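Student:
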């Protein structure tokens, strides 16, 4: 009975700030975007392998099952999570990898952005990689606007770290805007264009 | 196919730090307690009435459905969330209210602790009410230990606010320990003892 669902899975190792990114994406879509949203983290044995995940399900209608079943968008911030989760994704789905940490991306369909390298070089803080990635995800996810997620970020992040987090977020948006989504669409239909 | 589930619902208004408390409870139970845990927030129209919730489902086995169906434990940090959620709880469940904000508690079965007042008077920061409440919940929830949740708190909270948050947490534990749980058990069987 649920309407069209858009499922996002953010994944990485513990400590990479995956949950905070998921909460901001969820609050952007819901509080500032008017969508119905469910945000979930599950803790189980897979986390011991260095792959933890946080999920955001977005819909225009009430959400019956709150976890991602076949994600439309996967963010993988490390190799373990990329290996574990990239096979679950929808055929036309988007996989975004942190190419600083993922040396062996899955074949095809992958957008590679060095989030951790960008955070280190351009923000001066490696731990801001999650906010760079959130900016890119906000740009590439059709169910939220960058402005809505930015509003969620400004409302939730403590004043003392707001400037740094906002800069990281905007850098991620800018990187994602460089991606040729027309080319990407082609690739989803089975061609081999590289992004 | 899931084993025994223990369902916790934390509720209040936006800005009361419900989600952070839920994440710490979940990480205490999972990362430091070895349980399987699902942690969820749903954003929908009910939030506009001042009642938002975050849920933690704890089990010894993989969790099939990650949301609370009939909570074992409800924390209500404001009147709107108490009114909305107190009717859903399990018959033998525990309802814990922030009596600073909830002037009209549900009949029977309720543990009243003035979390916000305690945070204001003993911690000097009203926004620490969520950590006072988390201490009490950790003490009263049979599926986690206070030590495990404290470890999660120490690992996740930024160093600058760790002392304050830890003090708030421990104050909540201390308040909850004053509660006569034997009396409470009686009340759950339909008697009218007050706590």
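Chains as they are written, first to last, in the numbering used here: chain V, 2 to 196; chain L, 2 to 196.
Every residue gets a Cβ at the ideal spot worked out from N, C-alpha and C, and that includes glycine.
Keep in mind it's a predicted model, so treat the numbers as computed, not measured.
Can you list the residues of chain L that residue 67/V reaches, using a CB-CB cut of under 7 Å?
Tutor: By Cβ distance, chain L contributes 41, 43, 67 and 68.
Student: Can the beta-carbon of residue 169/V be found less than 8 Å from the beta-carbon of residue 132/V?
Tutor: In this structure, residue 132/V lies closer than 8 Å to residue 169/V by Cβ.
Student: Buried or exposed: residue 195/V, going by 16 or more other Cβ atoms within 10 Å of its Cβ?
Tutor: Because residue 195/V carries a pLDDT of 44, less than 50, the predicted location of this residue cannot be relied on, and no value is offered for it.
Student: Strictly by DSSP, which residues pair up with residue 96/L?
Tutor: 75/L and 111/L, per the DSSP bridge assignment.
Student: For the region 23 to 34 of chain V, which residues have a CB atom closer than 9 Å to at least one CB atom of chain L, in sequence order?
Tutor: For the region 23 to 34 of chain V, which is checked against every Cβ of chain L, the residues closer than 9 Å are 24, 27, 28, 30, 31 and 32.
Student: To the nearest whole angstrom, what separates the beta carbons of residue 107/V and residue 83/V, a pair I think is in contact under 8 Å?
Tutor: Contact holds; Cβ gap of about 7 Å.
Student: Please tell me whether residue 37/L has its Cβ less than 8 Å away from any Cβ of chain V.
Tutor: With 8 Å as the cut-off, residue 37/L counts as an interface residue toward chain V.
Student: How close, in whole Å, do the beta carbons of residue 52/L and residue 81/L come, if the pair is a contact with beta carbons under 8 Å?
Tutor: 4 Å between Cβ atoms; contact.
Student: If contact means a Cβ-Cβ distance below 7 Å, which residues of the region 138 to 170 of chain V contact chain L?
Tutor: So nothing in the stretch comes that close.
Student: What is the DSSP secondary structure of residue 54/L, reduced to helix, strand or coil?
Tutor: If DSSP states are grouped into helix, strand and coil, residue 54/L belongs with the strands.
Student: Given this structure, state the Cα-to-Cα distance separating residue 97/V from residue 111/V, to the nearest angstrom.
Tutor: Computed Cα separation, rounded: 6 Å.
Student: Let me check understanding here. Comparing Cα to Cα, which of 18/L, 26/L and 21/L lies closest to residue 140/L?
Tutor: Closest by alpha carbon: 26/L.
Student: Is the shortest distance between the beta-carbon of residue 107/L and the beta-carbons of chain V less than 8 Å?
Tutor: False, the Cβ-Cβ gap to chain V never drops below 8 Å.
Student: Measuring alpha carbon to alpha carbon, tell me which residue in 14/L, 8/L and 59/L is nearest residue 117/L.
Tutor: Checked all of 14/L, 8/L and 59/L; the closest Cα to residue 117/L is 14/L.
Student: Tell whether a beta-carbon distance below 8 Å holds between residue 8/V and residue 65/V.
Tutor: No; because the gap between Cβ atoms is not below 8 Å, this pair is not in contact.
Student: CB residue 44/V to CB residue 32/L, shorter than 8 Å?
Tutor: In this structure, residue 32/L lies closer than 8 Å to residue 44/V by Cβ.
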